[in-house]
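Worksheet: the structure to be examined is printed underneath.
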Amino acid sequence: MNAGELLSLCKRRGFVWPSFEIYGGVAGMYDFGPLGSALKDNIVAVWRDAYKRGEGFVEIDSPTVNPEAVFKASGHLDEFSDYVVQCRGCREPFRADHLVDGLHPNPDTLDAEALKGLMVENGIVCPDCQGELGEVEDFNLMFKTSIGPGSNRAGYLRPETAQGIFVNFPHLYRYNREKLPLGVIQHGRGYRNEISPRQGIIRLREFNMMEVELFVDPEDKSWPRFAAVADETLRLVPEDGSERELRLSQAVEEGVIANDVLAYFIWLTKGLLERMGVDGARLRFRQHLKDEMAHYAMDCWDAEVLLSYGWTEVVGIADRGCWDLSQHAAWSNEEMVHFKRFDEPREVERAALKANYRGLGPMFKGEAKEVARLIEQRSPDDVSDGVLTVEKDGVQLEVPDSLFEAVTVKEKVTGERVVPHVIEPSHGLDRIFYTVLEHAYRREEDYTVLALRPEMAPIKAGVFPLMARDGLDEKAQEVFAMLTEEGMEAFYDDSGSIGKRYARMDEVGTPWCVTVDYETLEEGRGLKGTVTVRDRDSSEQRRVAISELAATLKSLLKGADFAKI
RNA sequence: GCGACUGUAGUCUAGUGGUUAGGACCGGGGCUUCCCAAGCCUCUAACCCGGGUUCGAAUCCCGGCAGUCGCACCA
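Residue 132 in the working numbering is what sits at position 11 of the first sequence, and the numbering runs on without skipping anything.
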């Protein structure tokens, strides 16, 4: 198939539309139409079900505009704010600050103009081909804004939802009664001012993510449910480039996947994607190469699906280590730690300094108490040649050893503080959305069917009168109202021939169609009559009593076999 | 951001300087039709935007926007 056919269907039927089309459109932005919006919600619902209900994770929702500090801490500001200059000859791009290395004490602090000036002064040319260099350009892939009136406080549209979870770690940790593991999910929009959005909905400037952050004990990356799935297999492409079908237990034992918890969530991702309708035969997990990995990641696996565009990343499952929490702790001065209680409190002997108050008093008068405190913060290792140097109000004080003594203190330690490690399965919702459609797309001759899994289908049932007359239409309206009342997404249609109506529903992935015919009327009023239920994939039909219809459709939705109803 | 190609109803497309801008599908209305895009009648609906050349531009030129492909980018 080609992507154009599917994109055309998406536009015609109301799955996705290019945004702002009446004004010429904006690259990398798409609207979800009525059916697309429903499909997107269904994907989110399955993801939420798997993590929130299935794994007991908690969900939050945080702002898309974040203050600058968040991205200073996360590293995004530095990573994204490169000044780049491109060679006019060979077109190779270079980091401008790297080209002027050594010509300025701190090239990082220069702006584009200063960098350009410095390069012109020093006659810098392309390191590769000695060609002339173009203008210095700011390559900041984050959208910048300002918070509040004036432009005092810089803000950025978040490039990922993850930071909203990390900055809330202290709240979440308390919410979880100070226990690990702690799983948190968030879905929402993210923004990256991509240089060149491509391939329809695959690379967007404003996109949807479903992110999961699992905080675990850095010394314990086991997972209680791992044993239950240890014999399941995964199609893996480790960094050596080989492709292997491995059992989870094998993969961890052989060191292909770093630990149990990472392996478990790779397995969970596989099940999740297949439940959404991703074809298992077109799904694999590829390990990031060392140089491909984000600055913070310890290990990272991408779920890749085969699309008409080629293998495409849809989920990234990374072990981010302690990077995020450590960074936010350092920049915010908040503690971002887990207090890991020992099974039994431990007696620990520690070398310490004890102040000699009797000697300090006369010498330092009113400041003696403060000096004593400074002394006791230090350890015997800090003493050299019988003198301890402490700093008080910016002044160095030399304290002779007559004013303190080295002692051994016994302390009871009930636990230790550790920075949790983060396992992050991060899902590209728009890409999954596209994959679900492409993997469901079937075309024979001129007939198109979207074989969406029923759980994904925006419309669960089409409701038709066989003829739009003789009371069949009124009866069908009743059936439609009944299904709607039961909470089913149904769609009423009485135009054109019955075949045309089936075809319309097939094209948008509706799994079942209900037809009211003359037999229905003969069988009496109320719920007594029967209707035909037609299955999209087999195009077979069964007669079902109207009184049973909602229950039957619901059981089909849960996976009942159509042939057995 | 660079290069090549492209932009006509909702969709697919014909039209290479003067056309009532043609067709097909879809969609709306009607007739017909007792279960898989049948048929008939009928209707709606388009030259991406802005400049220029020309008596006259969908058509030629320039710029923008958007798309496809390649290069680069993709934390």
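Glycine included, C-beta positions come from ideal geometry on N, C-alpha and C.
Starting from residue 418, trace the beta strand (DSSP E) both ways and give me its first and last residue. Locating residue 418 in the first sequence gives position 297, counting from the first residue. For residue 418, there is no enclosing beta strand (DSSP E), as DSSP gives it neither H nor E.
Could you give the residue range of the beta strand (DSSP E) that holds residue 439? Residue mapping note: residue 439 aligns to position 318 of the first sequence, counting from 1. Membership of residue 439 in the beta strand (DSSP E) is indicated by the continuous run 431-442.
Between the CA atoms of residue 530 and residue 471 - distance to the nearest angstrom: Locating residue 471 in the first sequence gives position 350, counting from the first residue. Locating residue 530 in the first sequence gives position 409, counting from the first residue. Taking the CA atoms as reference points, residue 471 sits about 5 Å from residue 530.
Return helix, strand or coil for residue 403, following the three-state DSSP convention. As a working note, residue 403 is residue 282 in the first sequence. Residue state, collapsed to three classes: helix.
Once you ignore the five residues that flank residue 173 on each side, which residues in its own chain have a CB closer than 8 Å to its CB? Looking up residue 173 in the first sequence gives position 52. The answer, listed in chain order, is 179, 180 and 306.
Contact set for residue 455: own chain, Cβ-Cβ below 8 Å, skip 5 residues either direction: Here the question's residue 455 lines up with position 334 in the first sequence. Only 291 and 449 meet the Cβ criterion.
By the three-class DSSP mapping on this structure, what secondary structure does residue 233 have? Position 112 of the first sequence holds residue 233. Reduced to three states, the DSSP call for residue 233 is helix.
On the three-state DSSP scale, how would you describe residue 448? As a first step, residue 448 must be located in the first sequence, where it is residue number 327. Helix.
Please report the distance separating the alpha-carbon of residue 606 from that of residue 382. Along the first sequence, read from residue 1 onward, the residue named residue 606 stands at position 485. Along the first sequence, read from residue 1 onward, the residue named residue 382 stands at position 261. Distance between the alpha carbons of residue 606 and residue 382: 43 Å.
Check residue 595 in the structure and name its three-state DSSP category. Along the first sequence, read from residue 1 onward, the residue named residue 595 stands at position 474. In this structure, DSSP gives residue 595 a helical state, which the three-state scheme calls helix.
Give a yes or no on whether the C-beta atoms belonging to residue 437 and residue 419 are separated by under 8 Å. In the first sequence, residue 437 corresponds to position 316, counting from 1. In the first sequence, residue 419 corresponds to position 298, counting from 1. Judged by beta-carbon spacing, residue 419 lies beyond the 8 Å limit of residue 437, meaning their Cβ atoms are not closer than that value.
Please say whether residue 496 and residue 525 have beta carbons closer to each other than 8 Å? Translated into positions along the first sequence, residue 525 becomes position 404. Translated into positions along the first sequence, residue 496 becomes position 375. Contact flag set, yes.
Express the C-alpha separation of residue 206 and residue 236 in angstroms, rounding to a whole number. Residue numbering aside, residue 236 sits at position 115 when the first sequence is read from its first letter. Residue numbering aside, residue 206 sits at position 85 when the first sequence is read from its first letter. Roughly 10 Å separates the two Cα atoms.
Identity of the residue in 133, 145 and 151 nearest residue 550 by Cα: Working through the first sequence from its first residue, we reach residue 550 at position 429. Measuring from the Cα of residue 550, the nearest candidate turns out to be 151.
Are residue 183 and residue 285 close, meaning C-beta to C-beta below 8 Å? Stepping through the first sequence from its first residue, residue 183 is reached at position 62. Stepping through the first sequence from its first residue, residue 285 is reached at position 164. Taking 8 Å as the cut-off, the beta carbon of residue 183 is found closer than this to the beta carbon of residue 285.
Going by C-alpha distance, which of 370, 398 and 158 is nearest residue 574? Taking the first sequence and counting its residues from 1, the one referred to as residue 574 is at position 453. It is 398.
Using the C-alpha atoms, what's the distance from residue 610 back to residue 604? In the first sequence, the residue the question calls residue 604 occupies position 483. In the first sequence, the residue the question calls residue 610 occupies position 489. Residue 604 and residue 610 have their C-alpha atoms some 8 Å from each other.
For residue 618, does the count of other Cβ atoms within 10 angstroms reach 16, so buried, or fall short, so exposed? If you number the first sequence from 1, residue 618 lands on position 497. Residue 618 counts as exposed, since fewer than 16 other C-beta atoms from the protein chains shown sit within 10 angstroms of its C-beta.
Mind checking whether residue 445 and residue 434 have CB atoms under 8 Å apart? Numbered from 1 along the first sequence, position 324 holds the residue referred to as residue 445. Numbered from 1 along the first sequence, position 313 holds the residue referred to as residue 434. Not in contact: residue 445 and residue 434 (Cβ atoms no closer than 8 Å).
Hey, would you say residue 587 sits closer than 8 Å to residue 638, going by beta carbons? Taking the first residue of the first sequence as position 1, residue 587 is located at position 466. Taking the first residue of the first sequence as position 1, residue 638 is located at position 517. Against a cut-off of 8 Å, the Cβ pair of residue 638 and residue 587 comes out as a contact.
Between which two residues does the beta strand (DSSP E) containing residue 569 stretch? Numbered from its first residue, the first sequence carries residue 569 at position 448. Under the DSSP assignment, residue 569 falls in the beta strand (DSSP E) whose first and last residues are 568-571.
Can you tell me the Cβ-Cβ gap for residue 258 and residue 204, rounded? I've got them flagged as a contact below 8 Å. As a first step, residue 258 is located in the first sequence; it is residue number 137 there, counting from the start. As a first step, residue 204 is located in the first sequence; it is residue number 83 there, counting from the start. Contact between residue 258 and residue 204 holds, since their C-beta atoms are separated by about 7 Å, short of 8 Å.
Looking at the unbroken alpha helix (DSSP H) that takes in residue 585, where does it start and where does it end? The residue labelled residue 585 in the question sits at position 464 within the first sequence. In the DSSP annotation of this structure, residue 585 is not part of any alpha helix (DSSP H); the continuous beta strand (DSSP E) holding it starts and ends at 582-586.
For residue 329, three-class secondary structure by DSSP: Counting from 1 along the first sequence, the entry for residue 329 is found at position 208. Three-state DSSP puts residue 329 in a strand.
Using CA coordinates, which residue listed in 278, 366 and 508 is at the minimum distance from residue 265? Your numbering for residue 265 matches position 144 in the first sequence. Residue 265 has its Cα closest to that of 278, out of 278, 366 and 508.
Quick check: residue 654 and residue 629, are their CB atoms within less than 8 Å of each other? Within the first sequence, numbered from 1, the residue matching residue 654 stands at position 533. Within the first sequence, numbered from 1, the residue matching residue 629 stands at position 508. Judged by beta-carbon spacing, residue 629 lies beyond the 8 Å limit of residue 654, meaning their Cβ atoms are not closer than that value.
Please report how far the alpha carbon of residue 187 lies from the alpha carbon of residue 281, in whole angstroms. Walking along the first sequence from the start, residue 187 turns up at place 66. Walking along the first sequence from the start, residue 281 turns up at place 160. If you take the alpha carbons of residue 187 and residue 281, they lie about 11 Å apart.
Rounding to the nearest angstrom, what Cα-Cα distance links residue 570 and residue 390 in this structure? Here the question's residue 570 lines up with position 449 in the first sequence. Here the question's residue 390 lines up with position 269 in the first sequence. Taken atom to atom, the span from the alpha-carbon of residue 570 to that of residue 390 is near 26 Å.
Extract the residue ranges of the alpha helix (DSSP H) inside the segment 276-359, only unbroken runs of 4 or more that lie entirely within it. Taking only runs of at least 4 residues, the alpha helix (DSSP H) segments lying wholly in the segment 276-359 are 283-287, 290-296 and 347-350.
Euclidean distance between Cα positions of residue 171 and residue 372: Counting from one through the first sequence, the residue named residue 171 turns up at place 50. Counting from one through the first sequence, the residue named residue 372 turns up at place 251. Residue 171 and residue 372 have their alpha carbons spaced roughly 23 Å apart.
Please report the distance separating the alpha-carbon of residue 302 from that of residue 338. Within the first sequence, numbered from 1, the residue matching residue 302 stands at position 181. Within the first sequence, numbered from 1, the residue matching residue 338 stands at position 217. Residue 338 has its alpha-carbon roughly 7 Å from the corresponding atom of residue 302.
Please return the same chain residues whose Cβ sits closer than 6 Å to the Cβ of residue 131, not counting the five positions on each side in sequence. Counted from its first residue, the first sequence places residue 131 at position 10. Correct list, in chain order: 137.
Could you check whether residue 304 and residue 333 sit closer than 8 Å to each other, using their CB atoms as the reference points? Counting from 1 along the first sequence, the entry for residue 333 is found at position 212. Counting from 1 along the first sequence, the entry for residue 304 is found at position 183. For residue 333 and residue 304, yes; Cβs fall inside 8 Å.
Shortest alpha-carbon distance to residue 427 belongs to which of 583, 385 and 403? Numbered from its first residue, the first sequence carries residue 427 at position 306. Nearest in C-alpha terms to residue 427, of all of 583, 385 and 403, is 403.
Classify residue 513 as buried or exposed, calling it buried when 16 or more other Cβ atoms lie within 10 Å of its own Cβ. Start at 1 with the first residue of the first sequence, and residue 513 comes out as number 392. The Cβ neighbour count for residue 513, taken over all protein chains shown within 10 Å, is under 16; the residue is labelled exposed.
On the criterion of 16 or more Cβ atoms from any shown chain inside 10 Å, does residue 546 qualify as buried, or is it exposed? Mapped onto the first sequence, residue 546 falls at position 425. So residue 546 ends up on the buried side.
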